[in-house]
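Right, one structure below, let's go through it.
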Amino acid sequence: MRSPSVISEHRPRARRLWKTGAVLSAVLLWAALAQSSAAGLAGVGTAAVAVEGRGLEALFGSENRVIRTSERVIAVTFNAAWNDAGLDSILDDLARRRAPATFFLTGDFAGRHPAVVQRIAAAGHGLGNHSFSHPHFEDLTAAGRQHEVTAADRALRAAGAGPALTPFFRFPYSETSPTHIREVNALGFADIEYTADTNGWKGTEGGMTVDRAVERALDAVRPGAILQMHVGASQGRTEVIDAQALPRILDACAARGYRVIDLRTLLTP
Numbered sequence: 006m007r008s009p010s011v012i013s014e015h016r017p018r019a020r021r022l023w024k025t026g027a028v029l030s031a032v033l034l035w036a037a038l039a040q041s042s043a044a045g046l047a048g049v050g051t052a053a054v055a056v057e058g059r060g061l062e063a064l065f066g067s068e069n070r071v072i073r074t075s076e077r078v079i080a081v082t083f084n085a086a087w088n089d090a091g092l093d094s095i096l097d098d099l100a101r102r103r104a105p106a107t108f109f110l111t112g113d114f115a116g117r118h119p120a121v122v123q124r125i126a127a128a129g130h131g132l133g134n135h136s137f138s139h140p141h142f143e144d145l146t147a148a149g150r151q152h153e154v155t156a157a158d159r160a161l162r163a164a165g166a167g168p169a170l171t172p173f174f175r176f177p178y179s180e181t182s183p184t185h186i187r188e189v190n191a192l193g194f195a196d197i198e199y200t201a202d203t204n205g206w207k208g209t210e211g212g213m214t215v216d217r218a219v220e221r222a223l224d225a226v227r228p229g230a231i232l233q234m235h236v237g238a239s240q241g242r243t244e245v246i247d248a249q250a251l252p253r254i255l256d257a258c259a260a261r262g263y264r265v266i267d268l269r270t271l272l273t274p
């Protein structure tokens, strides 16, 4: 899906130039911070990969459901809006396999769990913006959508995200539109969605099992695939299927000759 230019042509020229300069500055800043944060995973999953159109701006105008590459690499991502019931297991398994991940947190979650934000950052993983309260963006005004993005960014920073914070945004419910992507890009964020969701978040009550979650992930594996999982469980549940499925997914991908890369490598122009 392609959307029109980030900057609307009817705005005053000075406004356009200011925004262009802001975005270019953001590219350099985010890239520098990404290199610093990735130091915790030095040399692991961050090796150069042949990606078409590298750099933050190359990700604008698209919902980015795959990494544009022909190499046998995948990216692992997690969303968090409910609780952190599976975090310990997830971080342990990622560390054991020296695999990087990007965690998309809501601002509300970050405010309730600052220690989680700091643990993820300290482990060397990236942090992304998943809105503040996880609403349906189509139900909001443009000002309301902007508030969701900026309020989440402030909450993540206040919680201690530091240099682990990325310029990546993931829409709630993965509900994208060209207009909404344009708005997010204008704020300096690239939309990063996913190739496949394991659906582990549905839990056993929703008919999911660990085996089915693993199968859904592996069925989607191809060069540049982005996998989506979840850190916690909804409605007070503590069983996190994705946490149980993760080691099997990572081991199976490795057996197929795939390596896990850090999405922050896409920020290097």
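If you're matching positions, the sequence shown starts at 6 in this note's numbering and goes up one per residue. Beta carbons are placed, not taken as given, at the ideal position from N, Cα and C, and that holds for glycine.
For residue i, three-class secondary structure by DSSP
{"i": "residue 172", "result": "strand"}
{"i": "residue 59", "result": "coil"}
{"i": "residue 242", "result": "coil"}
{"i": "residue 270", "result": "helix"}
{"i": "residue 117", "result": "helix"}
{"i": "residue 74", "result": "strand"}
{"i": "residue 265", "result": "strand"}
{"i": "residue 41", "result": "Since pLDDT at residue 41 reaches only 44, below the 50 mark, its modelled position is unreliable, and no value is offered."}
{"i": "residue 224", "result": "helix"}
{"i": "residue 212", "result": "coil"}
{"i": "residue 205", "result": "helix"}
{"i": "residue 48", "result": "Caution applies to residue 48, whose pLDDT of 37 falls short of 50 and renders its modelled position unreliable; the value that the coordinates give is listed next. The answer is coil: DSSP assigns residue 48 none of H, G, I, E or B."}
Limits of the beta strand (DSSP E) - the one that residue i falls within
{"i": "residue 255", "result": "Looking at the DSSP string, residue 255 is not in any beta strand (DSSP E); the run it does join, the alpha helix (DSSP H), is 246 to 260."}
Residues sharing a beta bridge with residue i, DSSP
{"i": "residue 83", "result": "108 and 234"}
Run of the alpha helix (DSSP H) containing residue i, from where it starts to where it stops
{"i": "residue 94", "result": "92 to 101"}
Among the options, nearest to residue i - alpha-carbon criterion
{"i": "residue 210", "options": "238, 219 and 222", "result": "238"}
{"i": "residue 137", "options": "148, 110 and 146", "result": "110"}
{"i": "residue 156", "options": "189, 130 and 178", "result": "189"}
{"i": "residue 116", "options": "134, 249 and 101", "result": "134"}
{"i": "residue 191", "options": "200, 147, 165 and 73", "result": "147"}
{"i": "residue 182", "options": "170, 196 and 244", "result": "196"}
{"i": "residue 92", "options": "141, 107 and 79", "result": "107"}
{"i": "residue 240", "options": "88, 258 and 73", "result": "88"}
{"i": "residue 230", "options": "78, 90 and 180", "result": "78"}
{"i": "residue 203", "options": "216, 221 and 67", "result": "221"}
{"i": "residue 63", "options": "173, 246, 259 and 185", "result": "173"}
{"i": "residue 270", "options": "83, 166 and 130", "result": "130"}
{"i": "residue 228", "options": "213, 200 and 244", "result": "200"}
{"i": "residue 272", "options": "169, 152 and 153", "result": "169"}
{"i": "residue 166", "options": "118, 187, 150 and 178", "result": "118"}
{"i": "residue 267", "options": "124, 161 and 171", "result": "171"}
**OP:** Ignoring anything shorter than 4 residues or poking outside the stretch 120 to 203, list the alpha helix (DSSP H) runs there in chain order.
**Re:** 147 to 163 and 183 to 191
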